[in-house]
Each structure stands twice: as structure tokens, then as C-alpha cells.
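First up is the structure itself, then whatever we jot down about it.
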Amino acid sequence: MNPICLIFLLFVGVIAAKTLTKAPAHQKHDDFLFNKVSLAKLRAERKSLGITPIKTLKLEGLPNVKVIFKDESVSKTENSRYRFALSLFTYGLINDDFLFNKVSLAKLRSERKSLGITPIKTLKLEGLPNVKVIFKDESVSKTENSRYRFALSLFTYGLINGYIQQNTTVVEASDGNTAISEAFVAKLLGLDYVVVVPASIRKSYIERIQALGGKVIKATGNIRQRAILEAKKEKGYFLNQYGNSDAVDAPFEDKNIFNEVLKQLKKIPDYYIQTAASG
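Mapping to my numbering: the sequence shown position 158 is 158, numbers consecutive.
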């Protein structure tokens, strides 16, 4: 390459690079967010350029010749390589992990949308004609339990923050329904799933988790601490259903179970009973 041309390209690249802000390379979630923000900046830059004008040049002595040229000097670097530099940086930012996250988030949104609002049903109690018991039927979900929507939120949180990448092994501590739902989501996204369970767990739960491709580790004592150790060993991500429950549920407040119940009943019930769990 001609030395002058090389210096020219370097100059344009430096201008494009100044648009971006370097994120800590040792933190995957920071890198993911850096890519997301940077791509948005590059799109904004390209949009701001718009369509560069064309201009006409008159040649002395040649009245019948019209010379039209594209004026790229209106770009921020005053040359035609500005748009090319934006493309080069865009190509470098769109890596496999970024595409995996983007596709995975779309899958999770589709899953949540397909669930819709689960139905409420009425139970009649013999001998209590004036008492109406209404329950929320979460068994219509794909994992037949209320932890399905929670598992979608946990994985969404991990993906948005860049903790979960395409080769990440996902680890959890659970004694049942959450593990089944998480194993389903992990399979949906093509991720390896490991769950640490208490030795007393039902055999049917283990069978369902394994049928979904999950690896089950029975443990005595603190299953959460064991799960943390397994995540470190696998160099994976600990979903931490108990520690992250507040963080993941907050963005989906308008879609939680109680708000759905209020919308369906159209009034506040006399009593509301919620099962005790991480949610």
C-alpha cells in the first residue's frame, strides 16, 4: 500500500475510534454493553452523514461536457473514507457473542409473549357457599409451573448484562421447579446447564431436568455455596435465583403474577396468598 494512503486510512480510523469509548477488556458484560452502545453510536454517525451532495464542474473550453462529482468533503473527516471507516468498525464489533445475545434475547421475548396472561380459575369449597377461591393457573406454561416466567427473566438479565455468552455454562442451586424451567430455557438457547440440588429432591424432578439436557449434582449442606464452586470450576455463570430475584423482576413489574391477577379480577381481592419461594 502506498505510504500516503496508509497514513490517510489511519487518520480516518482514529476519527472513527474517537466516537467509541474503551470498556474494561477483562469484564465480558462490560464488553457486551460496550459493543451495544458503540454500534448505536456508529449507526447515529452514519445516519447523520445522510446522502452526500453531488456537484457540477464546468471545464473551460468544453461547454458540452458536464463533470459531476460526489462531494464527500462534507463528512466529519472531509473525505470519502469516513463511511468506510464506520463500516470497518461495525464489522469488528458484530462478533459471534453479540449475535448470540441478540438472537437469544429475541427468543426469550417470543417465549414470554407466547405465554401471555395465564388464566384464573374458581374453586368451590363444600360447605362454604359464600367463599370464592380463585387461583392462578401457571400449569399452562411450557414447564407446567410458575417458575417458567421467572427463568425467562433470569436468563434475560444474564444476557442483557453480558454475563451469558454462547459458550457459557449456566449453573444454579434449586430444589425443583426453578431448575426444570431453567433447564428448558438453557436448552432453548443451546447452553449447558448444571444444577446443584439437595439429596432429598424428588426423583421425578431429576428425570425432568435430565430430559431437558441438564446435569444434576446432588449435594448435602449448602447447595448455593456448592453451586458457586461449580460455576467457578466450569468458568460459567451462577444464575443465583435467590440473589438476583429482585434485580430480574423489577424490569417486568407490569407482567408479574399479582398484577395480572388484578387486571383479571378488576378489583383488589380480600386476601392474596402467595407461595413462598425466591420470587
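Ideal Cβ positions, reconstructed from N, Cα and C, are used throughout, including at glycine. Remember, predicted model here, so these are calculated numbers, not experimental data.
First and last residue of the alpha helix (DSSP H) that includes residue i?
i      : result
ASP71  : From DSSP, ASP71 is part of no alpha helix (DSSP H); its letter is neither H nor E.
ALA231 : 223-234
TYR282 : The structure shown does not extend to residue 282, since the chain spans only 1 to 279, so no value can be given for it.
GLU111 : 96-115
LEU86  : 81-93
LYS266 : No alpha helix (DSSP H) holds LYS266; DSSP gives it neither H nor E.
In whole angstroms, give me the CA-to-CA distance for residue i and residue j.
i      : j      : result
LEU257 : TYR272 : In the sequence under discussion, the amino acid at residue 257 is Ile, which differs from the Leu named in the question. Each residue's Cα considered, the two are about 11 Å apart.
ALA186 : LEU105 : 12 Å
ASN240 : LYS142 : 22 Å
ARG281 : VAL74  : Coverage of the chain is limited to positions 1 through 279, which leaves residue 281 absent and any answer about it impossible.
ALA23  : VAL37  : Residue placement at ALA23 is poorly supported in this model, since its pLDDT is 45, which falls under 50; the coordinates still yield a value, given next. So the two alpha carbons sit approximately 11 Å from each other.
LEU33  : VAL196 : 30 Å
GLN274 : LEU262 : 14 Å
LEU57  : ALA40  : 37 Å
GLU144 : LYS121 : 16 Å
LYS124 : ASP137 : 15 Å
GLU207 : ASN244 : 26 Å
THR168 : LEU188 : 14 Å
ILE94  : ASN35  : 8 Å
LEU88  : TYR163 : 26 Å
ASN177 : TYR237 : 19 Å
VAL248 : LEU229 : 23 Å
ARG46  : GLN264 : 46 Å
SER114 : ARG149 : 11 Å
GLU72  : THR118 : 56 Å
ASP31  : VAL171 : 22 Å
GLU182 : ALA151 : 5 Å
ALA219 : ARG226 : 8 Å
Start and end of the beta strand (DSSP E) containing residue i?
i      : result
THR122 : 120-124
THR52  : Segment: none, THR52 is in no beta strand (DSSP E) and carries neither H nor E.
ASP137 : Neither: ASP137 is in no beta strand (DSSP E) and is coded neither H nor E.
VAL65  : No beta strand (DSSP E) holds VAL65; DSSP gives it neither H nor E.
THR178 : Element bounds for THR178: not the beta strand (DSSP E) but the alpha helix (DSSP H), 177-189.
ILE164 : Here ILE164 belongs to no beta strand (DSSP E), and DSSP marks it neither H nor E.
GLU172 : 169-173
ALA219 : 215-219
VAL196 : 192-198
Tell me whether residue i is buried or exposed, calling it buried when 16 or more other Cβ atoms sit within 10 Å of its Cβ.
i      : result
GLN210 : exposed
PHE135 : exposed
PHE155 : buried
HIS26  : Low confidence applies to HIS26: its pLDDT is 44, below 50, so where it sits in the model is not reliable, and the reading given next is rough at best. Exposed.
PHE84  : exposed
LEU10  : Unreliable positioning characterises LEU10 in this predicted model, as indicated by a pLDDT of 45, which lies under 50. The coordinate reading is nonetheless provided below. Its Cβ having fewer than 16 others within 10 Å, LEU10 is exposed.
ARG43  : exposed
ARG81  : buried
ASP270 : exposed
ILE268 : exposed
GLU126 : exposed
ASN64  : exposed
GLN165 : buried
GLY190 : exposed
ARG109 : exposed
LEU212 : buried
SER139 : exposed
Considering only the alpha carbon of each residue, which of the options lies closest to residue i?
i      : options                        : result
ASP192 : ALA199, ARG202, ALA179, LYS203 : ALA179
ILE68  : LYS215, GLY61, ILE54           : ILE54
TYR242 : ASN130, ASP96, ILE223, GLU230  : ILE223
LYS107 : ALA227, PRO198, PHE184         : PHE184
ASP97  : GLY127, LEU159, ILE51          : LEU159
GLY221 : GLY213, LEU229, ALA199         : ALA199
LEU86  : LEU49, GLY61, LYS235, GLU111   : LEU49
LYS70  : THR52, SER139, LYS266, THR118  : THR52
ARG202 : LYS102, ILE228, LYS76, ASP175  : ASP175
LYS102 : ALA231, ASN161, SER139, LYS132 : ASN161
LYS215 : ASP246, GLN225, ALA173         : ALA173
Does the beta carbon of residue i sit closer than 8 Å to a beta carbon anywhere in chain E?
i      : result
LEU189 : Among the chains in the structure shown there is no chain E, since it carries only a single protein chain.
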